[in-house]
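The block underneath contains the structure these notes are about, expressed in structure tokens.
Protein chains: 2
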Amino acid sequence: MKLYTFASAPNPRRVHIFIAEKGLVIPEETVDLMNGGQFTDSFKALNPHCTVPVLVTEDGTCLSQVSAICSYLEEIHPNPPLYGRTAIERARVRDMCHWIYMDGIGAVAEAFRNSTPGFKGRSLPGQVSYDQIPELVERGRKRLPGFWKALDARLEGREFLVDQHFSMADIDAFVTIEFARWIKESVPEECANVHRWFEQVSRRPSIKTD
Amino acid sequence: MKLYTFASAPNPRRVHIFIAEKGLVIPEETVDLMNGGQFTDSFKALNPHCTVPVLVTEDGTCLSQVSAICSYLEEIHPNPPLYGRTAIERARVRDMCHWIYMDGIGAVAEAFRNSTPGFKGRSLPGQVSYDQIPELVERGRKRLPGFWKALDARLEGREFLVDQHFSMADIDAFVTIEFARWIKESVPEECANVHRWFEQVSRRPSIKTD
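Now the structure itself:
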């Protein structure tokens, strides 16, 4: 197996924390996103979406979506479980992960990609150029207060997002908060549950890996 | 179990085809999206995201994300498998499903929601109002040719998208094509592999369910 990555970017970061929680060691190659490493012919041949992370499995399959990469690693390395311990718990983790991806990471990403000078002409990942859309910066920022509030409500009286166990949902929410710093957004003071949870999760060794 | 749905909308449609392929019968209640049924207090209490489908499981868990709903049904009703037969096949199905969701369904959705008069002030689902962004109509349409071309390349010499078996990936790609009709977009003639595959999938009894 081999992981193509750029450790500080949010989607790779989700996978790195997941791998560290599992205690796995997977050979890595950094794709230099700062210098167009994702647009070289050799990388395009591997992943035409021109994104990282990519996990190349033992049989040569290239997985380019974090949910697929982590679900696969969960299946071949089940312990500790990070996608739930029972069918219903797994469903709750997946449900929450998809919500966080769309409404948390997705909101930050639309504000970030459409405002950052280095992403001019790249409002979406991939080989086709898409102009930045200033309205998406505003929309992305406007989406966040509702997301933080929902996260806070969810964490009321809970140590973790789903069923008293650290899971992929916690990883995704944590990375959303880190990523939000890139656009200078942060969780409001009044979301005390999120702050308590964030501080606790920050102390996990997996978080400090990179 | 109970499914809250609006059968003709694309995300419910994915679940309905999945359920029909499994041969399951799940009690349903239609949420009248045409008349704001998703914004009633009772439905908001069930799903604050104000979206369908929602699957309420035996223990009262509300699942509101299609990937979680279908993964859960797959787990409790494994046959026929629609998320792959082996760990690597499951990874390939999930990888493709996420790509189709983001680059296929997502592209159509941004063109549709930002152009349709009935979605004025609702460029995103949920309780918060977001103005339509005309640039997203153009961007959504511009994304589709690349998506059809990638789908066509994938289907070269293949009966189904992943590993010779009908899977959730085929369901998601099929629904993308149906959904694209809502914005009068269609697969170009030259994508002969997609047309061949679409015609074959259209004949499945599950497709005719609704």
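Protein sequences appear in the order of chains Y and A.
Position 93 of the first sequence, counted from 1, bears residue number 102 in the numbering used here, the numbering being contiguous throughout.
Position 125 of the second sequence, counted from 1, bears residue number 134 in the numbering used here, the numbering being contiguous throughout.
Positions of the beta carbon are idealized from the N, C-alpha and C atoms, including for glycine.
If you draw a straight line from the Cα of R99(Y) to the Cα of P87(A), it is about 15 Å long. Non-local beta-carbon contacts of F175(Y) in its own chain, meaning distances under 6 Å to residues more than five positions away in sequence, involve F169 in chain order. A54(Y) and T60(Y) have their alpha carbons spaced roughly 12 Å apart. Annotation for R122(Y): F128, S132 place their beta carbon closer than 6 Å to its own, counting only its chain and skipping 5 residues before and after. DSSP places K158(A) inside the alpha helix (DSSP H), whose first and last residues are 143–163. The beta carbon of S176(Y) sits no closer than 8 Å to any beta carbon of chain A. Neighbours of D68(Y) in chain A, taken as residues whose beta carbon is under 9 Å from its own, are I97 in chain order.
A direct Cα-Cα distance of roughly 10 Å separates V75(Y) from H25(Y). Y92(Y) sits in coil when the DSSP states are folded into three classes, being neither helix nor strand. If you draw a straight line from the Cα of H204(Y) to the Cα of E165(Y), it is about 11 Å long.
In the same chain as I35(Y), and ignoring 5 residues on each side of it, the C-beta atoms closer than 8 Å to its own belong to M10, K11, L12, I28, L64, in chain order. Following the DSSP letters along the chain, one finds T185(A) in no beta strand (DSSP E) but inside the alpha helix (DSSP H) bounded by residues 177–189.
Bridge pairing for T60(Y): absent [DSSP]. Taking C-beta atoms as the reference points, L72(A) and K31(A) fail to come closer than 8 Å.
Counting C-beta atoms within 10 angstroms of its own C-beta, A162(A) has fewer than 16 neighbours from the protein chains shown and is therefore classed as exposed. If one requires a minimum length of 4 residues, the alpha helix (DSSP H) runs lying completely within the segment 63–139 of chain A are 75–85, 96–108, 115–122, in chain order. What H107(Y) touches in chain A, judged by beta-carbon distance under 7 Å, is Q74, S76, A77, going in chain order. At a cut-off of 8 Å between beta carbons, Y13(Y) makes no contact with chain A. Look at R212(Y): its C-beta is not under 8 Å from any C-beta on chain A. Under the DSSP assignment, K11(A) falls in the beta strand (DSSP E) whose first and last residues are 11–14. Taking C-beta atoms as the reference points, L42(Y) and M177(Y) fail to come closer than 8 Å.
Only R152, G155, A159 from the segment 152–173 of chain A bring a Cβ to less than 8 Å from some Cβ of chain Y. Annotated three-state conformation of V203(Y) is helix, per DSSP. With three or more CB-CB distances shorter than 8 Å, the segment 137–146 of chain A counts as touching the segment 137–150 of chain Y. In terms of beta-carbon proximity, P57(A) lines the interface with chain Y, with at least one pair separated by less than 8 Å. By the CB criterion at 8 Å, I114(A) and D181(A) fall inside the cutoff.
Of the residues E119(A), Q136(A), D112(A), A77(A), the one whose Cα lies closest to the Cα of Q136(Y) is D112(A).
Excluding the 5 residues flanking it on each side, P134(Y) has same chain C-beta neighbours closer than 7 Å at H58, C59, T60, in chain order. DSSP lists no bridge partner for E194(Y). Around the beta carbon of Q47(A), a 10 Å sphere encloses 16 or more other beta carbons of the protein chains shown; the residue is thus reported as buried.
By the neighbour-count definition (other C-beta atoms within 10 Å, threshold 16), L33(A) is an exposed residue.
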